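Heads up: the sequence shown begins at 1228 in our numbering, then just goes up one per residue.
For every residue, glycine included, the Cβ atom is placed at its ideal position computed from N, Cα and C.
This structure is a prediction, so every number in the text was calculated from the model and none was measured.
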Amino acid sequence: MKPDYSATLKKLRKLNTKKLDSLFHELHDQAFEHIDCLECANCCKSLGPRLSDIDIKRLATHLKIKESDFITEYLRIDEDKDYVFKSMPCPFLMDDNYCIVYKSRPKACREYTHTNQKNIKSILSTCVKNIPTCPVVE
Ligand code: SF4
Ligand code: SF4
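If you want it as structure tokens, here you go:
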């Protein structure tokens, strides 16, 4: 059975925005002191980012190929009409869990786990969805 976070979410939603942000940012920093993404890579193995036009341009430039070829080779359009990788694990994730396009990775990859961004209150449901994937959010 899935854990029920509704009571916790209700409490968190009652906190003021600044207080909630500072609580999350502190917990985010503490979690990353103990968790090594290179030992995990769950997000790169299972979630997959949405890619914007800017992400596609940056990655195609990085790989020195045309944007149209990048799209054909790596991307599909999902049910929300967004570009996502054709398959997961991500094609740029190596066996040692390094990302070979790290410097040019999509914005969504840079922002994941989202737990250090501003206005956490607006993305609390997303954070809950990430709990099964990411030990930092958990
Ligand atoms: S799922 Fe979380 S802990 Fe694992 S690699 Fe991604 S961000 Fe790091
Ligand atoms: S582009 Fe890099 S950071 Fe993003 S999902 Fe792929 S391997 Fe992970």
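Under 7 Å Cβ to Cβ from ASN1269, same chain only, skipping five residues before and after it: list those, please.
-> Here residue 1269 refers to the residue found at position 42 of the sequence shown. Correct list, in chain order: THR1360 and CYS1361.
Is the beta carbon of PRO1230 less than 7 Å from the beta carbon of LEU1278?
-> The count along the sequence shown starts at 1 and reaches residue 1230 at position 3. The count along the sequence shown starts at 1 and reaches residue 1278 at position 51. Going by C-beta atoms, PRO1230 is not nearer than 7 Å to LEU1278.
So what's ARG1332 in DSSP terms, helix, strand or just coil?
-> Numbered from 1 along the sequence shown, position 105 holds the residue referred to as residue 1332. Three-state result, ARG1332: coil.
Distance between beta carbons of SER1273 and MET1315, contact taken as under 8 Å = On the sequence shown, position 88 is the one that residue 1315 refers to. On the sequence shown, position 46 is the one that residue 1273 refers to. Contact holds; Cβ gap of about 6 Å.
Counting pairs of beta carbons, one from the segment 1243-1259 and one from the segment 1340-1349, are three or more of them closer than 8 Å?
-> yes
Would you mind working out which of GLU1365, HIS1289, LYS1293 and HIS1341 sits nearest LYS1330, comparing C-alpha positions?
-> Taking the first residue of the sequence shown as 1, we reach residue 1330 at position 103. LYS1330 has its Cα closest to that of HIS1289, out of GLU1365, HIS1289, LYS1293 and HIS1341.
Quick one: does the C-beta of ILE1262 sit closer than 6 Å to a heavy atom of ligand 1?
-> Stepping through the sequence shown from its first residue, residue 1262 is reached at position 35. True, at least one ligand heavy atom lies under 6 Å from that Cβ.
Do you know how far the Cα of ASP1323 is from the Cα of GLU1306?
-> Counting from 1 along the sequence shown, the entry for residue 1306 is found at position 79. Counting from 1 along the sequence shown, the entry for residue 1323 is found at position 96. Their Cα atoms are separated by approximately 31 Å.
Same chain, Cβ closer than 8 Å to VAL1363, neighbours up to 5 away in sequence not counted | As a first step, residue 1363 is located in the sequence shown; it is residue number 136 there, counting from the start. Excluding positions up to five away in sequence, the list reads HIS1255, ALA1258, PHE1259, ILE1262, THR1340 and THR1342.
Return yes when at least one heavy atom of ligand 1 lies under 6 Å from the C-beta of CYS1267, else no.
-> Counting from one through the sequence shown, the residue named residue 1267 turns up at place 40. Yes - ligand 1 has a heavy atom lying nearer than 6 Å to the Cβ of CYS1267.
Is there at least one Cβ from chain C nearer than 7 Å to CYS1354's Cβ?
-> Chain labels in this structure do not include chain C; a single protein chain is all it has.
Buried or exposed: which applies to ARG1337, given that a residue is buried once 16 or more other Cβ atoms fall within 10 Å of its Cβ?
-> Numbered from its first residue, the sequence shown carries residue 1337 at position 110. With fewer than 16 other Cβ atoms within 10 Å, it is exposed.
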